[in-house]
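Reviewing the structure listed below.
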Amino acid sequence: MREGSAENRTGGESPLRLFPAPVLTGITVACVLLFVVGVLGNMMTMLVVSRFRDMRTTTNFYLSSMAFSDLLIFLCMPLDLFRLWQYRPWNFGDLLCKLFQFISESCTYSTILNITALSVERYVAICFPLRAKVIITKRKVKLVILILWAISFISAGPIFVLVGVEHENGTNPLSTNECRATEYAIRSGLLTIMVWISSIFFFLPVFCLTVLYSLIGRKLWRRKRKNIGPSTVIRDKNNKQTVKMLGMAPWALCLQVCVLVCVQERGAEQCQITVIASKGKHHFRTFPTKGSALR
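Number 121 in numbering that gives the first Met the number 0 belongs to position 122 of the sequence shown; there are no gaps in the numbering.
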């Protein structure tokens with residue numbers, strides 16, 4: 000019998016693991032290292048930008064916003080790790096189940112929106128440098144970041160309806176409670192709608208980023224260097240380095256969401272697996288429904 004399959008016991012079932020213990024041990028070590036590096040690195044990023052005035056640029060504001068988003072995701076990592084070691088029963092209550100998934104989802108949305116907004120800013124700064132001095136200001140960027148976070152929270156709001164703590168009928172809740180997609184979300188079709196909305200939410204920014212980087216690349220490619228001073232050459236070099244760095248964003252966003260809807264024999268059992276790749280970090284989040292990932 001594979002490890003993780005439920006064994007009947009007097010008074011309930013044994014805790015359910017999704018992977019064998021040796022695999023979980025390796026995952027735990029990797030997650031602990033990522034947690035330490037991620038928390039310290041993102042906190043240092045926010046601290047440097049907030050403490051040093053010369054670091055308070057519009058670009059760094061976006062980077063600080065993404066660092067805060069990543070920090071929240073890392074702080075949720077212990078719960079993810081716990082679910083790998085003991086997927087069932089869920090012992091932290093319905094509120095923490097919903098809040099945990101809500102934070103992960105909203106931070107994912109926020110990272111995508113911040114990358115998109117930063118790319119728009121770079122496009123304006125490179126292709127329309129004179130207008131950029133008027134359009135792009137620190138005050139406006141701060142306001143944009145607040146709006147992006149508000150949109151992220153609103154977009155992730157349905158998680159409070161889609162996810163909850165449920166258990167199999169006729170079983171002991173203390174042994175079979177799971178943090179998963181609710182039966183109401185499945186039967187009403189809300190889960191399917193959310194999957195499609197999330198897909199559009201991710202792939203539309205990817206399309207926008209691809210167009211923006213193409214326009215930026217064409218602008219830099221066509222810029223002639225004849226009779227251009229050293230300062231302009233340095234600026235062009237920095238712009239190209241920025242484009243190369245941000246040019247990886249569309250591919251990162253392609254990995255940002257990998258939605259798998261598993262429809263099993265009965266048709267009602269589905270699972271959604273979201274893979275988040277943010278700034279070189281990989282974070283796995285599962286929203287299985289009744290029995291979907293456990294057979």
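Yeah, the Cβ is synthetic: ideal placement off N, Cα and C, and Gly gets one too.
It should be emphasised that the depicted structure is a prediction, and the values quoted were computed from it without experimental measurement.
- When the five nearest sequence neighbours on each side are left out, the beta carbons in the same chain lying within less than 8 Å of the beta carbon of ILE135 are those of THR57, GLU120, VAL123, ALA124, in order along the chain.
- Excluding five sequence positions before and after CYS106, the CB atoms of its chain that fall closer than 7 Å to its own CB belong to SER68, LEU71, ILE72, given in chain order.
- In this chain, the beta strand (DSSP E) harbouring CYS178 covers 177–180.
- Counting along the chain, no beta strand (DSSP E) covers GLU104; the unbroken alpha helix (DSSP H) around it starts and ends at 92–126.
- Bounds of the alpha helix (DSSP H) holding GLY216 are 189–221.
- Shown here, ARG52 sits in a helix according to DSSP, grouped into three states.
- For a cut-off of 8 Å, the C-beta gap from ILE114 to CYS75 is around 20 Å, too long to register as a contact.
- Membership of GLU165 in the beta strand (DSSP E) is indicated by the continuous run 162–165.
- Contact annotation: the stretch 134–149 does not touch the stretch 186–203, with fewer than three C-beta pairs closer than 8 Å.
- Proximity of the stretch 75–90 to the stretch 21–35 meets the contact definition, three or more beta-carbon pairs being nearer than 8 Å.
- Counting the other CB atoms within 10 Å of its CB gives PRO21 a total below 16, which places it among the exposed residues.
- Cβ neighbours of TRP148 within its own chain (closer than 6 Å, five residues either side excluded): SER109.
- DSSP places THR136 in no alpha helix (DSSP H); its state is neither H nor E.
- Burial is judged here by how many other beta carbons sit within 10 angstroms of a residue's own beta carbon; TYR183 has fewer than 16 and is exposed.
- Under the three-state reduction of DSSP, GLY37 is assigned to helix.
- Straight through space, the alpha carbons of ILE153 and VAL210 are spaced by roughly 27 Å.
- Taking C-beta atoms as the reference points, PHE60 and VAL140 count as a pair closer than 7 Å.
- Rounded to the nearest angstrom, the Cβ distance from ILE26 to GLN100 is 20 Å, too far for a contact under 8 Å.
- Sorting LEU112, PRO204, ALA66 by C-alpha distance to the C-alpha of ILE150 places LEU112 at the top.
- PRO157 sits in coil when the DSSP states are folded into three classes, being neither helix nor strand.
- The beta-carbon separation of VAL162 and THR181, rounded to 7 Å, stays under the 8 Å limit for a contact.
- Here CYS96 is not near VAL205, since their CB atoms are 7 Å or more apart.
- By the Cβ-count criterion, ALA29 is exposed, with fewer than 16 other Cβ atoms from all chains shown falling within 10 Å of its own Cβ.
- With a beta-carbon spacing of about 13 Å, TRP89 and GLU167 fall beyond the 8 Å limit used to define contacts.
- By the neighbour-count criterion, in which a residue is buried when 16 or more other Cβ atoms sit within 10 angstroms of its Cβ, MET65 is buried.
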